[in-house]
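Student:
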Amino acid sequence: MEGTVRVRFAPSPTGFLHIGGLRTALYNYLFARSQPGGKFILRIEDTDQNRYVEGAEEDIIRSLEWCGMKVDEGPKNPGDVGPYRQSERKELYHEYAKELVEKGEAYYAFDTTDEIEQMRERLQKSGNPSPKYDAVTRQSMKNSLTLPQDEVQKRLDAGEEFVVRLKVPRRETIRFEDLIRGHVSFESKGLDDQVLLKSDGMPTYHLANVVDDHLMKITHVIRGEEWLSSTPKHILLYNAFGWEPPKMAHLPLIMSPSGGKLSKRKAEEEGIPVNTGAYIEQHYEPDALVNFLAFLGWSPGDDSEIHSLEELGRLFTLDRVNKGGAVFNHKKLLWYNEHYFREQSAAVLAERLKPIAKARNISLPDDDHLLPAISLLKDRVSKIDELLNMGRFFFEDPKEYDKNALKKWKDDSAGLVSEYRGMIEGYDESQFEAASLKKSLEEVINKNEVGFGKLMMPLRIAVTGQGFGPDLFESMELLGKDTVLRRIDAALERLG
Ligand code: GLU
């Protein structure tokens, strides 16, 4: 369909999908969904074979799937403009590079690394601080503009190594409108004659990216700000081909809470997982990560915060993307996580928890006990796996007692706990419920004229091993009389 929006996420499989990359994918996806018939395309930019990381492509695909972003065209579900992996499109880049040479927009260059180095040194000595292979210096180098044509042909026929370079105009102001940043301009004077085809026959990012965006009929290029400085080179390439460039939108950087760009190192320092895979392994809620990332640099313009992927796709507009960097607030992510986590029923959470528990060798009780335990716990944790830590006492007797909590086990604790034990021992099963358990505790503290915590804390330690957790009386009801008495006895014995 003419005029339909087509956007692409074009990661290089040089590493696992970074959280910033995932946000770029998400904004592309949301923009596609915000437009009638909009298409979200995945293109793997794997021309840099030295930096290729095994498994990275699978990781990218799995991450998008986990978030619920459906790829409309990509390596796994190709449309009409494939292949969708650049390594499978090599011949195309050769054709297009040749086309530019024939049009006089690019040229073959045969200079060795040494020769280029010498040129740089020579120019530096004569006072040029940043020498380039450009409109001036290309005149004195070994290329198809300076060598006689038959010699060029001879060198090509002999299989001599060459690169193809773009003839960057000497003095030109390159302007474009960025949908986020507004008017942008660059001077061509600062640019090298860009290498388009490398001596190993592989295209550079610039050539492959432009050729593919054109052939894949991409209407909007939405990518991170770090690519802004590549855009003038791309615009020159579009001009050289005589093609209409797509619209451009450069997303703000993701910033670390302590300032500066959220680099891998910074993120690690601040305990922020960097790779999407880490969020998957750490059992974050995908809806939470999506919602959080959508708001990392964008907002719908009112004070609403909770939106599903589908809603976001309806609300998203590029003109509401911020220009300034967006600070990664991990607490906010956990807040989203709690929301999406708590929204699920105990039954759903129980099914999800089972494989997680199994992987950690924790055996869970049957659903009759598990579901009420989850209901008691879920408002106190942020992530599903934390149910296992905080709720461990539901599934097994405490093996040890939390050290900090033990500070609250005082000289009079054993006496108070035994007295309480004496009272509840007399209960029959039907009496063993939260309200009566609480009443008995009140009786004991009143009789002894001590504060609530004097008994509550030691009792919690004895029953759960921890200093905090869900409502103690409801927890005891759920654990049942035998278990509670057994644990109190064990604590009295061990803690005296
Ligand atoms: N392959 C580039 C990357 O790794 C693509 C940049 C772009 O979107 O043009 O991010």
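Count along the sequence shown starting at 1, add 202, and that's the number in the numbering used here.
All residues carry an ideal CB built from backbone N, CA and C; glycine is no exception.
Please state if the CB of residue 283 and the CB of residue 419 are separated by a distance shorter than 9 Å.
Tutor: Closer than 9 Å, so yes.
Student: Contact check, residue 395 vs residue 336 under 8 Å by CB: the rounded distance?
Tutor: Right, the Cβ-Cβ distance comes to about 6 Å (below 8 Å), so this counts as a contact.
Student: Under the rule that 16 or more other beta-carbon atoms within 10 Å means buried, what is residue 633, buried or exposed?
Tutor: Exposed is the call here.
Student: Nearest CA to the CA of residue 659: which residue from 209, 669, 356?
Tutor: Measuring from the Cα of residue 659, the nearest candidate turns out to be 669.
Student: Counting along the chain, where does the alpha helix (DSSP H) carrying residue 659 start and finish?
Tutor: Residue 659 -> alpha helix (DSSP H) spans 654-666.
Student: Here's a check: name, in chain order, each residue in its chain whose Cβ is nearer than 8 Å to the Cβ of residue 519, leaving out the five neighbours to either side.
Tutor: Same-chain partners within the cutoff: 236.
Student: Would you grab the beta carbon distance between residue 657 and residue 665 for me? Rounded to a whole angstrom, and I think it's under 8 Å.
Tutor: With a Cβ gap of about 12 Å, residue 657 and residue 665 do not count as contacting.
Student: In angstroms, rounded to a whole number, what distance separates the CA positions of residue 266 and residue 438?
Tutor: For residue 266 and residue 438, the distance between alpha carbons rounds to 32 Å.
Student: Between which two residues does the alpha helix (DSSP H) holding residue 578 run?
Tutor: Residue 578 -> alpha helix (DSSP H) spans 569-579.
Student: Short of 6 Å in beta carbon distance, which residues of its chain neighbour residue 551, apart from the five on each side in sequence? Order them along the chain.
Tutor: Once the five neighbours on either side are set aside, the close Cβ partners of residue 551 are 576.
Student: Could you tell me whether the Cβ atoms of residue 590 and residue 555 are closer together than 9 Å?
Tutor: Yes, the Cβ-Cβ distance between residue 590 and residue 555 is below 9 Å.
Student: In chain order, which continuous runs of the alpha helix (DSSP H) of length 4 or greater are located wholly inside the stretch 411-459?
Tutor: Counting only runs of 4 or more, we get 433-443.
Student: So does the stretch 379-391 actually touch the stretch 280-294, counting three or more Cβ pairs closer than 8 Å?
Tutor: At 8 Å Cβ cutoff, the stretches do not touch.
Student: Near residue 379, which residues of its chain fall below 7 Å by C-beta distance, leaving aside the five closest residues on each side in sequence?
Tutor: Within the same chain, residue 379 has close Cβ partners 385.
Student: In angstroms, rounded to a whole number, what distance separates the CA positions of residue 251 and residue 521?
Tutor: Approximately 37 Å, taken between the alpha carbons.
Student: Mind checking who residue 275 pairs with in its DSSP beta bridge?
Tutor: In DSSP, residue 275 forms a bridge with 243.
Student: Could you check where the alpha helix (DSSP H) with residue 295 kicks off and where it finishes?
Tutor: Its alpha helix (DSSP H) spans residues 292-304.
Student: Run the CB neighbour count on residue 514, radius 10 Å, all protein chains shown included, and call it buried at 16 or more, exposed below.
Tutor: Classification for residue 514: buried.
Student: Does DSSP put residue 221 in a helix, in a strand, or in coil?
Tutor: Of the three classes helix, strand and coil, the one that applies to residue 221 here is helix, per DSSP.
Student: Use the C-beta contact count for residue 338: other C-beta atoms within 10 angstroms, 16 or more gives buried, fewer gives exposed.
Tutor: Exposed, by the Cβ-count rule.
Student: Provide the residue span of the alpha helix (DSSP H) that contains residue 541, from first to last.
Tutor: Segment 532-544, the alpha helix (DSSP H) holding residue 541.
Student: With hydrogens ignored, establish whether the beta-carbon of residue 411 is closer than 8 Å to any heavy atom of the ligand GLU.
Tutor: Yes, Cβ of residue 411 sits closer than 8 Å to a heavy atom of the ligand GLU.
Student: From the beta carbon of residue 249, is the nearest beta carbon of chain C less than 9 Å away?
Tutor: No chain C is present in this structure, which holds just one protein chain.
Student: Pairing CB atoms from the stretch 256-276 with CB atoms from the stretch 438-447, are three or more of them under 8 Å?
Tutor: These segments do not touch.
Student: Quick check: the stretch 496-503 against the stretch 556-566, are at least 3 beta-carbon pairs closer than 8 Å?
Tutor: No, the stretch 556-566 is not in contact with the stretch 496-503.
Student: Name the one or two DSSP bridge partners that residue 380 has.
Tutor: According to DSSP, residue 380 bridges with 384, 450.
Student: Rounded to the nearest angstrom, how far is the Cβ of residue 321 from that of residue 333, given a contact under 8 Å?
Tutor: Confirmed, Cβ separation roughly 7 Å.
Student: Measure the C-alpha to C-alpha separation of residue 672 and residue 680 and round it to an integer number of angstroms.
Tutor: Approximately 12 Å between the Cα atoms of the pair.
Student: Out of 295, 340, 581, 306, point me to the one whose CA is closest to residue 317's CA.
Tutor: Considering only alpha carbons, the answer is 340.
Student: Straight-line CA distance for residue 238 to residue 207?
Tutor: Rounded to whole angstroms, residue 238 to residue 207 spans 8 Å at the Cα level.
Student: On the three-pair Cβ rule with 8 Å, is the stretch 445-453 touching the stretch 419-431?
Tutor: Counting Cβ pairs under 8 Å, three or more are found: they touch.
Student: Can the beta-carbon of residue 243 be found closer than 9 Å to that of residue 281?
Tutor: For residue 243 and residue 281, yes; Cβs fall inside 9 Å.
Student: Which residues in the same chain have their Cβ closer than 6 Å to the Cβ of residue 507, if we skip the five residues on either side of it in sequence?
Tutor: Nothing listed; no residue qualifies.
Student: Quick one: residues in its chain with C-beta nearer than 6 Å to the C-beta of residue 416, no 5 flanking neighbours on either side, listed in chain order?
Tutor: Same-chain partners within the cutoff: 445.
Student: Specify, as a first and last residue, the run of the alpha helix (DSSP H) that residue 310 falls within.
Tutor: Note, residue 310: premise wrong, no alpha helix (DSSP H); beta strand (DSSP E) at 308-311.
Student: What's the gap between the Cα of residue 724 and the Cα of residue 618?
Tutor: Shown here, the chain extends from 203 to 698; a query on residue 724 therefore has no answer.
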